[in-house]
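Student: Chains as they are written, first to last, in the working numbering: chain A, 210 to 418; chain B, 210 to 418.
Glycine is no exception: its CB is placed at the ideal position from the N, C-alpha and C atoms.
Protein chains: 2
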Amino acid sequence: MIEPSRIPPRSGIAFRLRSGEILEVIDPHGCQVADLLAYSADDVGEVISNGRTFDYEETICLTTGNVLWSNRSRKMLTILGDTVGRHDFLLTPCSVDTFRHFYPDKPIHHGCFGNLAQALAPYGISEDAIPVAFNCFMNVPLQNSGRLSVEPPVSRPGDFIQLRAECDLIIGLTACSAYSSNGGSFKPIDYRVILPPTAPNEPAEADQS
Amino acid sequence: MIEPSRIPPRSGIAFRLRSGEILEVIDPHGCQVADLLAYSADDVGEVISNGRTFDYEETICLTTGNVLWSNRSRKMLTILGDTVGRHDFLLTPCSVDTFRHFYPDKPIHHGCFGNLAQALAPYGISEDAIPVAFNCFMNVPLQNSGRLSVEPPVSRPGDFIQLRAECDLIIGLTACSAYSSNGGSFKPIDYRVILPPTAPNEPAEADQS
Numbered sequence: 210m211i212e213p214s215r216i217p218p219r220s221g222i223a224f225r226l227r228s229g230e231i232l233e234v235i236d237p238h239g240c241q242v243a244d245l246l247a248y249s250a251d252d253v254g255e256v257i258s259n260g261r262t263f264d265y266e267e268t269i270c271l272t273t274g275n276v277l278w279s280n281r282s283r284k285m286l287t288i289l290g291d292t293v294g295r296h297d298f299l300l301t302p303c304s305v306d307t308f309r310h311f312y313p314d315k316p317i318h319h320g321c322f323g324n325l326a327q328a329l330a331p332y333g334i335s336e337d338a339i340p341v342a343f344n345c346f347m348n349v350p351l352q353n354s355g356r357l358s359v360e361p362p363v364s365r366p367g368d369f370i371q372l373r374a375e376c377d378l379i380i381g382l383t384a385c386s387a388y389s390s391n392g393g394s395f396k397p398i399d400y401r402v403i404l405p406p407t408a409p410n411e412p413a414e415a416d417q418s
Numbered sequence: 210m211i212e213p214s215r216i217p218p219r220s221g222i223a224f225r226l227r228s229g230e231i232l233e234v235i236d237p238h239g240c241q242v243a244d245l246l247a248y249s250a251d252d253v254g255e256v257i258s259n260g261r262t263f264d265y266e267e268t269i270c271l272t273t274g275n276v277l278w279s280n281r282s283r284k285m286l287t288i289l290g291d292t293v294g295r296h297d298f299l300l301t302p303c304s305v306d307t308f309r310h311f312y313p314d315k316p317i318h319h320g321c322f323g324n325l326a327q328a329l330a331p332y333g334i335s336e337d338a339i340p341v342a343f344n345c346f347m348n349v350p351l352q353n354s355g356r357l358s359v360e361p362p363v364s365r366p367g368d369f370i371q372l373r374a375e376c377d378l379i380i381g382l383t384a385c386s387a388y389s390s391n392g393g394s395f396k397p398i399d400y401r402v403i404l405p406p407t408a409p410n411e412p413a414e415a416d417q418s
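#1: Identify, in the order they occur along the chain, each residue of the same chain with its Cβ nearer than 6 Å to the Cβ of N324 (chain A), setting aside the five sequence neighbours on each side.
#2: According to the neighbour-count rule (16 or more other Cβ atoms, all chains shown, within 10 Å of its Cβ), is T273 (chain B) buried or exposed?
#3: DSSP three-state label for S373 (chain A), please.
#4: Go ahead and pull the three-state DSSP assignment for E212 (chain A).
#5: Please report how far the alpha carbon of I216 (chain A) lies from the alpha carbon of S335 (chain B), in whole angstroms.
#6: Mapping DSSP to helix, strand and coil, what is Y248 (chain B)?
#7: First and last residue of the alpha helix (DSSP H) that includes Y265 (chain A)?
#8: Provide the residue span of the alpha helix (DSSP H) that contains C321 (chain A), from first to last.
#9: Please identify, using Cβ separations under 9 Å, the residues of the segment 320-333 of chain B that lie next to chain A, in order along the chain.
#10: Out of B:H318, B:A326 and B:L357, state which residue places its alpha-carbon closest to the alpha-carbon of I379 (chain B).
#11: According to DSSP, is D306 (chain B) helix, strand or coil?
#12: As a quick exercise: from B:G229, B:P366, B:N280 and B:D264, pick the residue whose alpha carbon is nearest that of T292 (chain B).
#13: Select from the segment 267-292 of chain A all residues with a C-beta closer than 9 Å to any C-beta belonging to chain B, and list them in chain order.
#14: Does the separation of the CB atoms of V359 (chain B) and S389 (chain B) fall below 7 Å?
#15: Of all the options A:R309, A:N353, A:G333 and A:E266, which has the alpha carbon lying nearest to the alpha carbon of T307 (chain B)?
#16: Taking only three categories from DSSP, how would you classify N280 (chain A)?
#17: Following the continuous beta strand (DSSP E) through F298 (chain A), name the residue where it begins and the one where it ends.
#18: Going straight from the alpha carbon of A415 (chain A) to that of T262 (chain A), what length do you get?
#19: Take Q371 (chain A) as the anchor and find which of A:R401, A:F395 and A:P350 has the nearest alpha-carbon.
#20: Of all Cβ atoms in chain B, is any one closer than 7 Å to the Cβ of L300 (chain A)?
#21: Could you give the distance in angstroms between the alpha-carbon of S249 (chain A) and the alpha-carbon of P406 (chain B)?
#22: Kindly indicate the opening and closing residues of the beta strand (DSSP E) around N344 (chain B).
#23: For a cutoff of 7 Å on Cβ pairs, would you count E306 (chain B) as touching chain A?
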């Protein structure tokens with residue numbers, strides 16, 4: 210098994226994920242959030258969409274078996290495994306503006322939005338092209354009235370979610386920077402890319418020569 | 210009072226709405242949905258965002274007093290009046306793809322998405338720049354499990370919602386084309402633009418000469 214890589218607290222990265230590869234996002238210490246974005250590597254105008262996902266999955270609570278869909282109604286990522294079962298696809302990445310709004314007395318941070326913008330810029334993705342992220346482990350309970358709140362994640366150390374790429378993707382991924390989403394603690398996020406399994410009877414290339 | 214204009218069944222329009230003007234969206238026959246989009250007239254890269262709205266309003270049920278925020282964390286529209294109290298900001302405009310998915314045995318229509326794309330193209334707004342719309346009168350109950358369904362609107366003939374522009378906007382507005390969102394009937398939507406009231410003691414321009 211490949212060793213996981215680490216995203217330091219309050220930072221973010223971007224990388225390519227090929228069709229069929231499995232991204233595992235791990236909460237190494239527990240009670241932390243990772244904002245996840247996925248763009249088509251062939252055309253970054255195509256990106257995961259909370260609205261299209263809610264349309265086709267007919268739920269706002271996404272876990273094993275659910276698919277994250279793009280703004281062009283294409284499957285982007287399928288959730289293959291999930292030891293937490295509580296994530297958020299309603300709220301936007303924290304940003305300078307959300308820090309000013311929610312934490313006016315605390316130091317301003319550019320947040321997951323700033324980290325994603327920096328990491329995705331080399332792929333030609335602009336700030337305006339950052340939609341609602343799939344917020345792994347983020348705990349946003351809804352009341353019957355529709356009111357929502359951001360509570361500490363229920364994830365424990367080592368909990369993870371696994372997502373299979375359904376096409377070639379550019380991934381953006383953060384260790385969340387906001388106070389409320391991780392219970393006031395800033396922790397790292399780990400991740401690894403698992404290669405697709407080879408079919409047991411698939412002949413090696415050399416056998417065909 | 211200005212007479213309302215009519216959007217014919219299964220069609221859409223776009224127009225400018227200046228800061229301070231009030232858009233009234235009316236359901237003339239009841240049980241119909243209108244998909245509403247708003248872009249900054251100064252830079253159409255700025256558009257209403259369900260995620261930023263859920264962030265700042267801390268609810269997914271939006272009615273009188275709530276604000277629709279942009280992807281750049283700016284106020285776009287404030288709901289001033291609402292005789293229905295049930296709208297949706299979770300689901301995307303119906304499209305060729307959603308018709309294929311949900312109504313495979315029925316004739317394919319380009320839907321609110323196609324109508325919005327056509328109406329907004331002259332303003333330089335591309336299909337990929339169409340996010341989740343604010344779906345006036347759309348009835349999307351959520352179960353505690355997170356599962357959602359699209360039910361007939363509860364709006365009665367003459368019901369309306371009023372929204373004040375907080376900056377100069379390009380508005381996209383439709384009479385919905387999908388089967389389930391309007392209970393299987395395709396009806397028109399009416400709308401009118403109400404000019405901002407003049408302050409009672411504001412001198413007329415001529416008085417100042």
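Tutor: Answer, in terms of the structure:
#1: S220, G221 and T383
#2: exposed
#3: At residue 373 (chain A) the sequence reads Arg, which differs from the Ser that was named. Three-state result, R373 (chain A): strand.
#4: coil
#5: 35 Å
#6: strand
#7: N259 to E266
#8: G320 to L329
#9: none
#10: B:A326
#11: helix
#12: B:P366
#13: E267, T268, I269, C270, L271, N280, R281, S282 and R283
#14: yes
#15: A:E266
#16: coil
#17: Here F298 (chain A) belongs to no beta strand (DSSP E), and DSSP marks it neither H nor E.
#18: Note that A415 (chain A) scores 44 on pLDDT, short of 50, meaning its location in the model is unreliable; the coordinates nonetheless yield the value given after this. Each residue's alpha carbon lies about 42 Å from the other.
#19: A:R401
#20: yes
#21: 48 Å
#22: F343 to C345
#23: Checking the displayed sequence, the identity of residue 306 (chain B) turns out to be Asp instead of Glu. Yes, D306 (chain B) counts as interfacial toward chain A.
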